[in-house]
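Here is the structure we will look at.
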């Protein structure tokens with residue numbers, strides 16, 4: 001799996017995962033439940049991951065949508 005980006009912004013992460021899934025790319029949000037460890041403050045970044053074979057297309061989709069860093 002390849003990491004596309006890390007963020008503490010749940011809206012950005014949700015939008016990115018939705019866009020990728022609409023294009024048929026399975027995206028996985030890692031560290032989703034880590035907020036329990038930081039007291040639900042949202043200071044620990046979550047990672048958006050895709051399969052190695054989907055990385056190029058996923059980055060292109062996120063760039064076109066303005067969600068890349």
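In the UniProt record's numbering, the protein residues as written are 1 to 69.
Beta carbons are placed, not taken as given, at the ideal position from N, Cα and C, and that holds for glycine.
From a predicted model like this one, the values you see are computed outputs, not experimental measurements.
Q) Hey, which unbroken runs of the alpha helix (DSSP H) at 4 residues or more fall wholly within the UniProt domain "DUF2007" (1-66)? A) 10-22, 55-64
Q) My guess is that residue 15 and residue 67 are in contact by the Cβ rule of under 8 Å, so how many angstroms apart are they, rounded? A) To locate residue 15, count along the chain shown from 1; it is residue 15. To locate residue 67, count along the chain shown from 1; it is residue 67. Right, the Cβ-Cβ distance comes to about 6 Å (below 8 Å), so this counts as a contact.
**Q.** Assigned exposure category for residue 1 - 16 Cβ within 10 Å defines buried
**A.** Taking the chain shown and counting its residues from 1, the one referred to as residue 1 is at position 1. Label assigned to residue 1: exposed.
Q: Report yes if the C-beta distance between residue 26 and residue 50 is below 8 Å; otherwise report no.
A: Position 26 of the chain shown, counted from the first residue, corresponds to residue 26. Position 50 of the chain shown, counted from the first residue, corresponds to residue 50. A contact, by the Cβ cut-off of 8 Å.
Q: Please work out which residues of its chain come closer than 8 Å, Cβ to Cβ, to residue 71, disregarding the five sequence neighbours upstream and downstream, and give them in chain order.
A: The requested residue 71 is not part of the displayed model; the chain covers only 1 to 69.
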